[in-house]
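Each residue of the sequence shown is one higher than the one before, counting from 0 in numbering that gives the first Met the number 0. Yeah, the Cβ is synthetic: ideal placement off N, Cα and C, and Gly gets one too. As the structure is a computational prediction, the values presented were derived from the model and not from experiment. In what follows, a structure is listed as C-alpha cells, so that the remarks can point back to it.
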Amino acid sequence: MIFAIEEINSSPALLPNMTLGYRIFDTCNTVSKALEATLSFVAQNKIDSLNLDEFCNCSEHIPSTIAVVGATGSGISTAVANLLGLFYIPQVPVPSWMGQSHFSKEDQEAKMDEFKKRLSRFFICKNKTGEQEMLNTASLPRRNSIKYKNALDFRRNGPVSYASSSRLLSNKNQFKSFLRTIPNDEHQATAMADIIEYFRWNWVGTIAADDDYGRPGIEKFREEAEERDICIDFSELISQYSDEEEIQHVVEVIQNSTAKVIVVFSSGPDLEPLIKEIVRRNITGKIWLASEAWASSSLIAMPEYFHVVGGTIGFALKAGQIPGFREFLQKVHPRKSVHNGFAKEFWEETFNCHLQESVKGPLPADTFLRGHEEAGGRISNSSTAFRPLCTGDENISSVETPYMDYTHLRISYNVYLAVYSIAHALQDIYTCLPGRGLFTNGSCADIKKVEAW
0 MIFAIEEINS SPALLPNMTL GYRIFDTCNT VSKALEATLS FVAQNKIDSL
50 NLDEFCNCSE HIPSTIAVVG ATGSGISTAV ANLLGLFYIP QVPVPSWMGQ
100 SHFSKEDQEA KMDEFKKRLS RFFICKNKTG EQEMLNTASL PRRNSIKYKN
150 ALDFRRNGPV SYASSSRLLS NKNQFKSFLR TIPNDEHQAT AMADIIEYFR
200 WNWVGTIAAD DDYGRPGIEK FREEAEERDI CIDFSELISQ YSDEEEIQHV
250 VEVIQNSTAK VIVVFSSGPD LEPLIKEIVR RNITGKIWLA SEAWASSSLI
300 AMPEYFHVVG GTIGFALKAG QIPGFREFLQ KVHPRKSVHN GFAKEFWEET
350 FNCHLQESVK GPLPADTFLR GHEEAGGRIS NSSTAFRPLC TGDENISSVE
400 TPYMDYTHLR ISYNVYLAVY SIAHALQDIY TCLPGRGLFT NGSCADIKKV
450 EAW
C-alpha cells in the first residue's frame, strides 16, 4: 500500500499537484479492532465537517479520510462496511475480472473504465453553497505549497477491499459503498463443485468457518453440489475461537465418516486448531479441497502437517507483477521508518532481536544498540525481552522470508490495484470537463471539496 501511494505521489501524470496521505491500522484479525480504527477516522471526518479552520489554527490536524483500503477477511470487511455505509465512505476490494487471462486487453481496459466510473460516483464534491462546481486546475497549489493541505479538503471516504470475497458483500442494497478487487466466492464454490464432478467424487464432507466468509461460501457449494447429484455426508462449522470440546466433535465426525473428500471454506487461522488435532490423531487418507483463504496459508503449509494435508487441491488468486517492488522491499529499515510500528515488528521477528525505545517514544534513527540505562531501562515488547539487541546493520537480503517473495504477488497485487483504482477515480474527477461529468447535465465535481457519496 505504501509503495503504491508513494509511486502515485511521484507520478507526473496521475494526480499531478496532489499528494495522497495515509494512515494504516492493524485489525489484528478481529472485528473489535477494525471497528475501533474505523470509528477513529469517521470521527475525524465529522470534526472536519465543522470547518474549525476558521476559528483555530488547525494546520496540524489529521486530514479527512476519503477512502478505505481493506480489510482482508470478509467477516471484518462486513462489519467495517456496515459502519462506513452509514457515512457513505467507499471501501475497495479488487474487481473479479482484473488480471484474468480469458479477458482480452481491450475487454480489461473497458472494464477498468467502467470500474473507475463506478468509483468516481462515490466522490461527490461540493462548493460552500452546496452546488457542484468545476475545479479550476490553475488554482491548485503545488504539492510543496504550505496552502496545499487546506486546498485539498477531502471530506468523506469509502472502503475498497483487496481480499474479502464473501458473496454477501455483493449486495448493494446493504453495502452501498463497498467495492473490491477480488472475485466473489460464487465463482470459487462453483469451481469446487466442477472439480468434484470431474473426478466423479459423489460422497463428500464440508467444513466452513463460522463467519461471513465460510457460511455463504459453503452454502453456495452445497447448491452447486445438489445440482450435480453430489451427496454431502456431513457439514460442520469451525472457528479459531472454538473450544476444545467443539474441535474434538468435528474431528470425531471426520474420523468416523466414510467420505474421503473434504471441502473446506475457511481461513488459515480458523482452520489451524482443527488441523492440529487431526495431525495429533494421525487421521490420514483424506483429500482436501481448499478455498483460496487457506490454500496457501503459512499456518497450514507446515512440514509437520504434510502427511495430513499433503496433496490438497486448492484455489489461489492470480498473481501479478509490480515493477520496482522488490527494490522497495529491500530498502525497508527501521532507521528510515522510526514511527512505523510494522517495520519495527517485522525487523524484530525476522532477525530475532529487539529494538529499544525511550520512555517517551522511539529512539533517534541512528540509535539501535545501547545499554538499558541510556534507553531508559525500558524494553518495548515483553515477548522480545530475552532477545539480543538489534545492531541496525542486519541485511534483509541475507535471510529467507516470505516477505521477500515478490514472484507470486497475490494479495499484495490486489492491494496495489485497490490503491490505483482510488487514484484513477480521483483523476477522473480532476480531469473532468463540463458537460461530460457524471452528474446532472454532465456537470463535474470539485476535487477540493470531495465527499464520498
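Notebook entry, point to check: Anyone know if the C-beta pair for residue 236 and residue 258 falls short of 9 angstroms?
Noted result: No.
Next item on the list: Taking 8 angstroms as the threshold, find out whether the region 317-329 comes into contact with the region 348-355 through three or more Cβ pairs.
Entry: no
Next item on the list: Please state whether DSSP places residue 262 in a helix, a strand or coil.
Entry: strand
Check: For residue 431, which residues from the same chain have a beta carbon less than 6 angstroms from its beta carbon, with the 5 sequence-adjacent residues on both sides left out?
Finding: 443
Item checked: Where the beta strand (DSSP E) through residue 76 begins and ends -> Element bounds for residue 76: not the beta strand (DSSP E) but the alpha helix (DSSP H), 73-85.
Note to self: Quick check on DSSP: helix, strand or coil for residue 163?
What the structure shows: Assigned with DSSP and collapsed to three states, residue 163 falls in coil, not helix or strand.
Next item on the list: Return the bridge partner residues of residue 205 from the DSSP annotation.
Entry: 234 and 262
Check: Run through DSSP, which three-state label would residue 306 get?
Finding: helix
Notebook entry, point to check: residue 287 bridges to which residues according to DSSP?
Noted result: 261
Next item on the list: Check residue 156 in the structure and name its three-state DSSP category.
Entry: Its pLDDT being 45, under 50, residue 156 is placed unreliably by the model, and nothing is read from it.
Check: With DSSP run on the structure shown, which of helix, strand or coil describes residue 277?
Finding: If DSSP states are grouped into helix, strand and coil, residue 277 belongs with the helices.
Note to self: Could you give the first and the last residue of the continuous alpha helix (DSSP H) run that contains residue 191?
What the structure shows: 184-197
Note to self: The alpha helix (DSSP H) that contains residue 20, what's its start and end?
What the structure shows: First-last for residue 20: undefined, no H or E at that position.
Next item on the list: Using 8 angstroms as the cut-off, classify the Cβ of residue 4 as near or not near the heavy atoms of the ligand SAM, replying yes or no.
Entry: By its list of ligands, the structure shown contains no ligand whatsoever, and the ligand SAM lies outside what it can speak to.
Next item on the list: Could you spell out where the alpha helix (DSSP H) holding residue 413 opens and where it closes?
Entry: 410-429
Check: Are residue 221 and residue 206 closer than 9 angstroms when you measure CB to CB?
Finding: no
Check: Between the region 211-228 and the region 71-78, do three or more beta carbon pairs fall short of 8 angstroms?
Finding: yes
Margin query: Could you tell me the alpha carbon to alpha carbon distance between residue 456 and residue 191, rounded to whole angstroms?
Written below: With the chain covering only 0 through 452, there is no way to say anything about residue 456.
Margin query: Determine whether the beta carbon atoms of residue 177 and residue 84 lie at a separation below 9 angstroms.
Written below: yes
Checklist line | Which listed residue (292, 297, 305 and 418) has its alpha carbon closest to that of residue 286 | finding: The shortest C-alpha separation from residue 286 is found at 305.
Notebook entry, point to check: So, are the CB atoms of residue 71 and residue 37 less than 9 angstroms apart?
Noted result: no
Checklist line | Alpha-carbon to alpha-carbon, residue 159 and residue 68 | finding: 5 angstroms
Margin query: Judging by CA-CA distance, which residue of 188, 200 and 418 is the nearest neighbour of residue 1?
Written below: 418
Notebook entry, point to check: With distances taken from CA atoms, which of 42, 279, 316 and 282 is nearest residue 295?
Noted result: 316
Check: Is it buried or exposed for residue 40, if we count other Cβ within 10 angstroms and need 16 for buried?
Finding: buried
Margin query: Tell me the DSSP secondary structure of residue 312 in three-state form.
Written below: In the structure shown, residue 312 sits in a strand (DSSP, three-state: E or B).
Checklist line | Separation of residue 201 from residue 195, as counted between CA atoms | finding: 7 angstroms
Next item on the list: Could you work out which residue in 269, 234 and 396 is closest to residue 262 when comparing CA atoms only?
Entry: 234
Checklist line | residue 187 vs residue 216 beta-carbon contact at 9 angstroms | finding: yes
Margin query: Can you tell me whether residue 11 is buried or exposed? The criterion is at least 16 other CB atoms within 10 Å of its CB, across all chains shown.
Written below: Exposed: under 16 other Cβ atoms inside 10 Å.
Notebook entry, point to check: alpha helix (DSSP H) containing residue 328: first to last residue?
Noted result: Boundaries of the alpha helix (DSSP H) around residue 328: 324-329.
Note to self: Bridge partners for residue 68 per DSSP, in chain order?
What the structure shows: Within the DSSP secondary-structure output, residue 68 pairs in a beta bridge with 159.
Item checked: Coarse secondary structure for residue 332, derived from DSSP in three states -> Three-state DSSP puts residue 332 in coil, outside helix and strand.
Notebook entry, point to check: residue 32 to residue 396, Cα distance in whole Å?
Noted result: 33 angstroms
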